[in-house]
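Chains as they are written, first to last, in the working numbering: chain A, 27 to 163; chain B, 6 to 403.
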């Protein structure tokens, strides 16, 4: 009984450390409401977005101060002034370990003004979206 | 002696100082941008799909094959015929000529391994697959993969070398004898039919040898790199002293324009290769003829020789470019890979199809952007003749 208690305590500690690591490793973040104000969306990255390399970024969603875990999130983006989209097709998926929506495959091809659009579908809530504006140096 | 030396130094200063007053003023942000273009930022090429990349014996074998005209159907064409060492590994023709004329300009191989995608439209996601495509292409070496297997099988010394280098059993004489003389999936119809008649095992043993040969040549090509040039010395001097006279007045004005917002050149021509290695539509694609990236998305995903395929040495999570490939054909219509500008003075003609003989013509192309019939990723770059000349002078220093 003691052994199993210890095991679960260690597991909980490990889990909380993982969560802590994710939250504190964000060096850059933007938070805004979706168009219909259904969600508060926080976009975080390990470092300020830059060109030429895959970005380590993730999203967290809140609805009425509650974290939303089961949403489907689709993303798109591009440079409106240059009439082109993202160089890759990034994928957004919920990670239980990180308790965040991990963005995989995100890359920027050049400096300048970029837009990242996130379309969000969650149960029992109207579909909503938001567009982040980024100025990449 | 000392007074004489001092007088000489003074005279030197009087004579040369007024002439060297062309040093431009640079902001810290500009100096950082220039520094980011320096060759010192170029990292050693990494290709997890090719485990032989750093094997000196395989590199040496690859170099021999790169120069071997026997790897062509007429025994006259090798990789080196179009990629001429004395011409920065290009051929200075508008369009490449192998067995017959192709439809693309021959790119330089210097720093080729630094790219994420190969061919102007990125039809291959690794260098060895690109090599193999050129060997089989009827317009280039026209040498099918089964012919290549017979070529090695005909020479016991080559067989021994193959088995030693790749730690891979070369197919037995019985297995080789059962194969047709010529066959390959990318060859002309008769050879394609012969290829389709082979068993799955026969195809696999042929592919294994073919891929190893491609990886050897790619390992050699990966060693071809630019040497530091005057621009790199300038960037270093500028970072140290805040000014430099290593580039002349016009070249420095050209560089300032090149990295500035007015031209926007460095948006795409960034990093030590002067290329962001991505695909952009600058109005050079021709619909129904050669429309660039949008035309090859499906084939690169299905390619048996891609990073995720069974002949790759990479783990799936090392194939990020392919895994997250942009499949939006509409947005990639007419897009080609940003050319590297390093060594550009030696690599005329320009653009993916060699349509321009000079950089002045390239500058005029960018000035005509708004008049092109199709929408492009770029607005017109409206520079004066003097500004264009300065940028061209800067580019010729690369």
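C-beta atoms are modelled at their ideal positions from N, C-alpha and C, and glycine is treated no differently.
Taking CB atoms only, residue 348 of chain B has no neighbour in chain A less than 8 angstroms away. Annotation for residue 130 of chain A: 116 and 117 place their beta carbon closer than 7 angstroms to its own, counting only its chain and skipping 5 residues before and after. In the DSSP assignment, residue 126 of chain A is bridged to A/121. Contiguous alpha helix (DSSP H) elements confined to the segment 47-132 of chain B occur at 61-71 and 84-87, taking only those with 4 or more residues.
For the segment 71-88 of chain A, the residues whose beta carbon sits under 8 angstroms from a beta carbon of chain B are, in order, 77, 78 and 80.
For the set B/289, B/304, B/134 and B/49, the Cα lying nearest the Cα of residue 344 of chain B is the one of B/289. Between residue 134 of chain B and residue 341 of chain B, the beta carbon gap of about 18 angstroms keeps them out of contact (Cβ cut-off 8 angstroms).
What residue 148 of chain A touches in chain B, judged by beta-carbon distance under 7 angstroms, is nothing: the nearest beta carbon there is about 24 angstroms away. In the three-state reduction of the DSSP assignment, residue 111 of chain A falls in the strand class, which pools E and B. For residue 366 of chain B, the uninterrupted alpha helix (DSSP H) run begins and ends at 364-372, by DSSP. Chain-order list of chain B residues neighbouring residue 135 of chain A: 281 and 283, by C-beta distance under 7 angstroms.
With fewer than 16 other Cβ atoms inside 10 Å of its own Cβ, residue 53 of chain A counts as exposed. Under the DSSP assignment, residue 143 of chain A falls in the beta strand (DSSP E) whose first and last residues are 138-147.
Between residue 402 of chain B and residue 279 of chain B, the C-beta gap is not smaller than 8 angstroms, which leaves the two residues out of contact. Cβ neighbours of residue 124 of chain B within its own chain (closer than 7 angstroms, five residues either side excluded): 135. Think of a sphere of 9 angstroms around the beta carbon of residue 103 of chain A: no beta carbon from chain B falls inside it, the nearest being about 11 angstroms out.
In terms of Cα proximity to residue 103 of chain A, the closest of A/153, A/134, A/147 and A/66 is A/134. Against chain B, the CB of residue 115 of chain A has a partner CB under 8 angstroms away; the residue lies at that interface. Annotation: Cβ neighbours of residue 328 of chain B in chain A (cutoff 7 angstroms, chain order): 131. Ranking B/269, B/330 and B/193 by CA distance to the CA of residue 130 of chain B puts B/330 first. Within chain A, the residues placing a beta-carbon under 9 angstroms from that of residue 331 of chain B are 111, 112, 113, 114 and 115, ordered along the chain. Leaving aside the five residues that flank residue 69 of chain A on each side, the residues in its chain whose CB is nearer than 6 angstroms to its CB run, in chain order, 56, 85 and 158. For residue 58 of chain B, the number of other beta carbons within 10 angstroms of its own is at least 16, and it is reported as buried. In the DSSP assignment, residue 161 of chain A falls within the unbroken beta strand (DSSP E) covering 154-162. One finds 108, 109 and 110 in chain A with Cβ atoms closer than 7 angstroms to the Cβ of residue 382 of chain B, taken in chain order. Going by C-alpha positions, residue 315 of chain B is about 37 angstroms away from residue 109 of chain A. When B/389, B/360, B/300 and B/53 are compared, the shortest CA-CA separation from residue 223 of chain B is found for B/53.
Where residue 221 of chain B is concerned, the enclosing alpha helix (DSSP H) starts and stops at 205-226. For residue 259 of chain B, the uninterrupted alpha helix (DSSP H) segment begins and ends at 254-264. For residue 103 of chain A, the secondary structure class from DSSP, reduced to helix, strand or coil, is strand. Here the alpha carbon of residue 338 of chain B sits roughly 15 angstroms from the alpha carbon of residue 377 of chain B. DSSP, read as helix, strand or coil, puts residue 54 of chain A in strand. In chain order, 289 place their CB closer than 6 angstroms to the CB of residue 356 of chain B, counting only its own chain and leaving out the 5 sequence neighbours on each side. Chain-order list of chain A residues neighbouring residue 325 of chain B: 80 and 131, by C-beta distance under 7 angstroms. No Cβ of chain A is located within less than 8 angstroms of the beta carbon of residue 344 of chain B. The beta carbon of residue 105 of chain B sits closer than 7 angstroms to those of 144, all from its chain and outside the five residues before and after it, given in chain order.
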